[in-house]
Each structure stands twice: as C-alpha cells, then as structure tokens.
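Trainee: Would you mind keeping the following structure in view while I ask a few things?
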Ligand SMILES: [Zn+2]
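Numbering (UniProt numbering), first residue to last: 1 to 57.
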C-alpha cells in the first residue's frame, strides 16, 4: 500500500469576523495514521494531527 501523502490544497477557517467565516486555501497533508483508519484528517505540515497527535511534516 502506498503511504505517500501528497500536498493538496485545503480550505480552513482563517478568521472570524462576526458575520461568517473567511476561508483561505492552505497547503495541507492528510494524516497518514488517520488515513489508515479510513479517516481523512487534514494537517498543516509541521503541525500535529488534531485527532491522533501524529506529527505531520
Ligand atoms: Zn491523525
């Protein structure tokens, strides 16, 4: 099984202005550990997965 996690563009909440959520595209990676469980969790490279805590770089 291929474990590559290519960088894709994802959209995350960037700021809250009271009226709604402003979003912006950022480069992200899917957490490989969550991906193996069938979950797609986006992690900003250099951060840890918010679900399982796996560092993603
Ligand atoms: Zn994870």
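A virtual CB, placed ideally from N, CA and C, is assigned to each residue, including glycine.
Could you check the C-alpha separation between residue 29 and residue 42 for me, to the nearest Å?
Mentor: Going from the Cα of residue 29 to the Cα of residue 42 covers about 6 angstroms.
Trainee: Leaving aside the five residues before and after residue 55 along the sequence, list all residues of the same chain whose C-beta is less than 6 angstroms from its C-beta, in chain order.
Mentor: Answer for residue 55: 48, listed in chain order.
Trainee: Which residues does DSSP pair with residue 48 in a beta bridge?
Mentor: Residue 48 pairs with 55.
Trainee: To which residues does DSSP link residue 30 through a beta bridge?
Mentor: According to DSSP, residue 30 bridges with 42.
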